[in-house]
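Asks: Handing you this structure, nothing more for now.
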Amino acid sequence: MHDPRHDKLAELLVTYSTEVKPGEKVLIEAYDTPIEFIDSLIKAVYKAGGYPLLELKYNHLLRSLLMGASKESLAAMQDTELHRMKNMDAFIGVRGYSNAKELSDLPSEKNALWGTEVFQPVHANERVPNTKWVVLRYPTPSMAMMANMSTEAFEEYYFNVTAGVDYKKMSEMMDPAADFMRNADKVHIKGPGTDLTFSIKGIGAVKCDGQRNIPDGEVYSCPVRDTVNGTISYNTPSTYHGFTFKDVVLRFENGKIVEATSNDTKRINEVFDTDEGARYIGEFALGCNPYINFAMDEILFDEKIGGSFHFTPGNAYDDTDNGNRSAVHWDLVCNQTPEYGGGEIWIDDQLIRKDGVFVHDSFKGLNPENLIAK
């Protein structure tokens, strides 16, 4: 059955997020996504004058592919997918989980192999720097359950926080914050179980205003690779390769994770042992989407929570590059709103945010009262 909300979201992705122009090739990669929404995407690309290419994938089948995979079999996949990606102008990636834990029983070495042989060369090294791309989730009963909501209520919430946001206004409000961070040096984060220092000098800052993720709402930078010292205690669950990690605590010395604990300490250290770069940080970001105010163990939503920050082990982005390279890029989230224990972020000895509320003039425009439509 046709849903006009699909058309509105598809138009946002095509005309705003990826800004598809006539004659541009657009790869639509859809995992477990209803054909009704894919149909809206195809039509939106054609309407913009683009040429849609479609690949349908299923997490159940991905599990089968990876369970029997070898470096040689994934090399064949890499060759095909990398060749295609190099010929794309834009990429729209949609994932709809029928079972968010579908990959939970994959051996860690298979996940690592997928990261190094397919994700890193095809997506991290080619798609991210060389295409106009956007990724999003599609609302499913599984996601509604993760959010402790009915399917109908979650769908309404989902379309409000995706297609219902005024991203142009958000973008304007982000400018002073991004400018401040581009000229900053010392960062000090305090909170329950967290006392962390690092430098972002010379790294730069990027505003995320709906052109890479939907939903969106963050301003990110990256630590100078060897400057991270101290401890961080993450207070939101995070599913990575199908396993849900909780109570993650990382201790750093001169940039490196020297101690990592969680509800499965052995498993989390296997993630950080994927390669050398997995034990260093590739992103530091401030979440500011005012419509997202609770954690639901879905990274694309949780990392945008207003009042949160994420501190990401693994690969750095080219536009805020500290030189770290890894097959891992894991956006672990810490919520600093009062309900989650509060906390403070200081930059160059100036208080930027306290208990999830921005108090510095360069950042106040990102508080909910300035972003939610009256």
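FYI, the numbering for the sequence shown is 1442 to 1815, going by this note's numbering.
Just so it is clear, CB atoms sit at the ideal spot from N, CA and C, and this is done for glycine as well.
Fair warning: this is a prediction, and the values are worked out from it, not measured in the lab.
#1: Expressed to the nearest angstrom, what Euclidean distance is found between the alpha-carbon atoms of Ala1517 and Met1526?
#2: By how many angstroms is the C-alpha of Ile1483 removed from the C-alpha of Gln1791?
#3: What is the DSSP secondary structure of Pro1779, counted as helix, strand or coil?
#4: Between which two residues does the beta strand (DSSP E) holding His1801 run?
#5: Just to confirm, is the Cβ distance from Phe1725 to Ile1673 under 8 Å?
#6: Pick helix, strand or coil for Val1712, following the three-state DSSP scheme.
#7: Taking one C-beta from the stretch 1786–1806 and one from the stretch 1697–1704 each time, how about it: are there three or more such pairs within less than 8 Å?
#8: So what does DSSP say about Tyr1758, is it helix, strand or coil?
#9: Under the assumption that Asn1730 contacts Ile1746 (Cβ atoms under 8 Å), give the Cβ distance between them as a whole number of angstroms.
#10: State the Cα-Cα distance for the pair Asp1616 and Cys1663, rounded to the nearest angstrom.
#11: Within the continuous alpha helix (DSSP H) that includes Pro1809, where are the two ends?
#12: Which whole runs of the beta strand (DSSP E) in the stretch 1474–1501 are 3 residues long or more, in chain order?
#13: If the criterion is Cβ atoms closer than 8 Å, does the pair Ser1679 and Ile1740 meet it?
#14: Please report the residue range of the alpha helix (DSSP H) in which Val1575 lies.
#15: Taking the C-alpha atoms as reference points, what is the distance between Tyr1472 and Lys1609?
#16: As an exercise, report each continuous beta strand (DSSP E) stretch of at least 3 residues that is fully enclosed by the stretch 1633–1685, in chain order.
#17: Can you name the start and end residues of the alpha helix (DSSP H) that Glu1597 belongs to?
#18: Taking C-alpha atoms, which residue in Ile1655, Met1622, Pro1779, Ile1469 lies nearest to Asn1676?
#19: Going by C-alpha distance, which of Lys1551, Leu1727, Lys1466 is nearest Lys1573?
#20: What does the alpha-carbon distance come out to for the pair Val1689 and Phe1804?
#21: Can you tell me which of the three DSSP states His1443 falls into?
#22: If you follow the beta strand (DSSP E) that Thr1702 is part of, which residue opens it and which one closes it?
#23: Under three-state DSSP, which class holds Arg1794?
#24: List the whole-angstrom C-beta distance separating Gly1632 from Gln1777, where the pair is believed to meet the contact cut-off of C-beta under 8 Å.
#25: Drop a sphere of 10 angstroms on the beta-carbon of Asn1500, count the other beta-carbons inside from all chains shown, and report buried for 16 or more, exposed for fewer.
#26: Thinking just about the alpha-carbon of each residue, which of Gly1491, Met1529, Ser1545 is nearest to the one in Leu1507?
#27: With which residues is Arg1692 paired in a DSSP beta bridge?
#28: Spatial neighbours of Pro1656 within its chain, please: C-beta separation below 8 Å, excluding the five flanking residues on both sides.
Replies: Quick answer:
#1: Straight-line Cα distance between these residues: approximately 14 Å.
#2: Here the alpha carbons of Ile1483 and Gln1791 stand approximately 48 Å from one another.
#3: In the three-state DSSP reduction, Pro1779 falls in the helix class (H, G or I).
#4: Careful: His1801 lies outside any beta strand (DSSP E) and carries neither H nor E.
#5: No; because the gap between Cβ atoms is not below 8 Å, this pair is not in contact.
#6: Look at Val1712 here: in three-state DSSP terms it is helix.
#7: The stretch 1786–1806 is not in contact with the stretch 1697–1704.
#8: Coil.
#9: That pair is a contact at about 7 Å.
#10: If I take the Cα positions, the gap works out to 17 Å.
#11: Going by DSSP, Pro1809 is part of the alpha helix (DSSP H) stretching over 1809–1812.
#12: The qualifying runs are 1492–1498.
#13: Yes, the pair counts as a contact, with Cβ atoms nearer than the cut-off.
#14: Bounds of any alpha helix (DSSP H) do not take in Val1575; it lies within the beta strand (DSSP E) bounded by 1573–1578.
#15: Put simply, the backbone Cα of Tyr1472 is about 29 Å away from that of Lys1609.
#16: As far as the stretch 1633–1685 is concerned, its whole beta strand (DSSP E) runs of at least 3 residues are 1635–1640, 1647–1649, 1659–1662, 1670–1674, 1679–1681.
#17: Where Glu1597 is concerned, the enclosing alpha helix (DSSP H) stretches over 1592–1603.
#18: Here the closest residue by C-alpha is Pro1779.
#19: When C-alpha distances from Lys1573 are compared across Lys1551, Leu1727, Lys1466, the shortest belongs to Lys1466.
#20: Going from the Cα of Val1689 to the Cα of Phe1804 covers about 28 Å.
#21: In the structure shown, His1443 sits in coil (DSSP, three-state: anything other than H, G, I, E or B).
#22: It spans 1697–1702 - the beta strand (DSSP E) in which Thr1702 sits, taken as one unbroken run.
#23: DSSP places Arg1794 in the strand class (E or B) of the three-state scheme.
#24: Yes, they are in contact, since the Cβ atoms of Gly1632 and Gln1777 sit about 6 Å apart, within 8 Å.
#25: Within a 10 Å sphere around the beta-carbon of Asn1500 sit 16 or more other beta-carbons, which makes this residue buried.
#26: When C-alpha distances from Leu1507 are compared across Gly1491, Met1529, Ser1545, the shortest belongs to Ser1545.
#27: Note: Arg1692 is bridge-paired with Thr1672, Glu1700 in the DSSP secondary-structure output.
#28: Cβ within range, chain order: Leu1577, Val1602, Thr1603, Val1606, Asn1730, Tyr1732, Ile1733, Leu1741, Phe1742, Lys1745.
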